[in-house]
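Everything below concerns the one structure shown next.
In this note's numbering, the protein residues as written are 142 to 472.
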């Protein structure tokens, strides 16, 4: 166990370096100018549609937190929950390692709404579970249906994703069955989590599946017409990249996601267009929401401290008012 704990921090950097090496080996003939030209060739209409699907994806993420809040037994309005969820997911999507990024943000935001430690633990656990349930059900179904071939450059014991997909799908169905039949709380060490029941677990699946499908559509619409494959095969490739990206622990799966998707799609011969679309997707789905979330977080912190800021401002004004006559007298 201690050996694995020492290795764990190195997984991300090693995966990132391996991804960069594979990208260089496979696409070293590409020039950045070709990729930038491919980016400029994408129409504004496509970018706007991608932004729309991104908004839908983040709305579903907000609804997943709303389900988590209901599961925790808290009475918080969607008007408060969805912006908080958007902020937490925007940071965790870009920075990676949601335990270290999204969890402290959720504790900060939800505690300001009156949630206690037990409620916060249930929100965080239920939210993570919802994300993975979507991967298991939607991703598993895409892997089994389409069975995307695994990139030959990445040594794996499977040629396609069908076997992992069957395992994913089985895990997702098992969770729904457990949630439907179990009445006793699920215990993790000293914490007890009530079984969500069938309706709430099915809502988890629906919300998370729509989230993942919308995020895949945000990239799919950015692909050029001569490169665009049917959506279901593309969905399998997209999930493949996301699973590798999450497993790598690299922030936002950066480099790893692009490597897997790029190797899978660039077989069409239009590699610059593939990486141009991936670059745009990175900006639309990760960078732009992160900027919006940073602004929201700044406004939230300002609103919490505006009374203190106002008091300091008044004290400073009083000090200046008292000091000015003395300064003028010296002059």
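We treat Cβ as the ideally placed atom computed from N, Cα and C, and that holds for glycine. Nothing here was measured: the structure is a model prediction, and the numbers come from that model.
Excluding the 5 residues preceding and the 5 following residue 428 in the sequence, name in chain order all residues of the same chain whose CB lies nearer than 8 Å to its CB.
235
Just verifying my parser: in three-state terms, what is the DSSP assignment at residue 301?
strand
Buried or exposed for residue 222, please, with buried defined as at least 16 other CB atoms from any protein chain shown within 10 angstroms of its CB.
By the 10 Å Cβ count, residue 222 comes out buried.
Hey, out of 201, 353 and 266, whose CA is closest to residue 336's CA?
266
Which partner residues does residue 290 have in the DSSP bridge list?
301
Report the three-state DSSP secondary structure of residue 213 (helix, strand or coil).
Coil.
For residue 283, which residues of its own chain have a beta-carbon under 6 Å away from its beta-carbon, when the five flanking residues on both sides are left out?
376, 377 and 380
Skipping 5 residues on each side, what residues in its chain have a beta carbon closer than 8 Å to that of residue 194?
355, 356, 358, 359 and 362, listed in sequence order.
Residue environment, residue 176, which counts as buried when at least 16 other CB atoms sit within 10 Å
buried
I'd like the ranges of any alpha helix (DSSP H) spanning at least 4 consecutive residues and lying wholly in the segment 181 to 231.
185 to 212
To the nearest whole angstrom, what separates the beta carbons of residue 402 and residue 389, a pair I think is in contact under 8 Å?
Going by Cβ atoms, the distance from residue 402 to residue 389 rounds to 14 Å, so no, they are not a contact pair.
Count the other C-beta atoms from every protein chain shown that fall within 10 angstroms of the C-beta of residue 421, then say buried if there are 16 or more, exposed otherwise.
With 16 or more other Cβ atoms within 10 Å, it is buried.
Using DSSP with H/G/I as helix, E/B as strand and the rest coil, what is residue 414?
helix
Around the C-beta of residue 373, are 16 or more other C-beta atoms found within 10 angstroms, so that it is buried, or is it exposed?
exposed
Identified DSSP bridge partners for residue 333:
By DSSP's assignment, residue 333 forms a beta bridge with 328.
Determine contact between the segment 205 to 214 and the segment 258 to 273, defined as no fewer than three beta-carbon pairs at a distance below 8 Å.
yes
Note the first and the last residue of the continuous alpha helix (DSSP H) segment covering residue 426.
No alpha helix (DSSP H) contains residue 426, which DSSP labels as neither H nor E.
On a Cα-Cα basis, can you pick out the residue from 243, 196, 425 and 339 that is closest to residue 323?
For residue 323, the nearest C-alpha among the options comes from 339.
Hey, quick one: how far does the alpha helix (DSSP H) through residue 368 stretch, first residue to last?
Counting along the chain, residue 368 falls outside any alpha helix (DSSP H), and DSSP gives it neither H nor E.
Residue 257: buried (16+ other C-beta within 10 angstroms of its C-beta) or exposed?
exposed
Start and end residues, alpha helix (DSSP H) containing residue 274:
258 to 275
Is it right to say residue 299 is buried, meaning 16 or more other beta carbons lie within 10 angstroms of its own, or is it exposed?
Exposed.
What whole-angstrom Cβ distance do residue 350 and residue 279 have, given they're in contact under 8 Å?
4 Å
Do the CB positions of residue 271 and residue 348 come within less than 8 Å of each other?
yes
In three-state DSSP terms, what is residue 396?
coil
Buried or exposed (CB count within 10 angstroms, at least 16 for buried), residue 330
Exposed, because fewer than 16 other Cβ atoms sit within 10 Å of the Cβ of residue 330.
Which term fits residue 135, buried or exposed, when burial requires 16 or more other beta carbons within 10 angstroms of its beta carbon?
Because the chain is modelled from 142 through 472, residue 135 falls outside the range shown and cannot be assessed.
Coil, strand or helix - residue 167 by DSSP
In this prediction, residue 167 scores a pLDDT of 47, lower than 50, which makes its location untrustworthy; the coordinate-derived value is nonetheless stated afterwards. Helix, per DSSP.
Who are the Cβ neighbours of residue 367 in its own chain at under 7 Å, not counting the five residues just before and after it?
411
Straight-line CA distance for residue 318 to residue 413?
Each residue's alpha carbon lies about 45 Å from the other.
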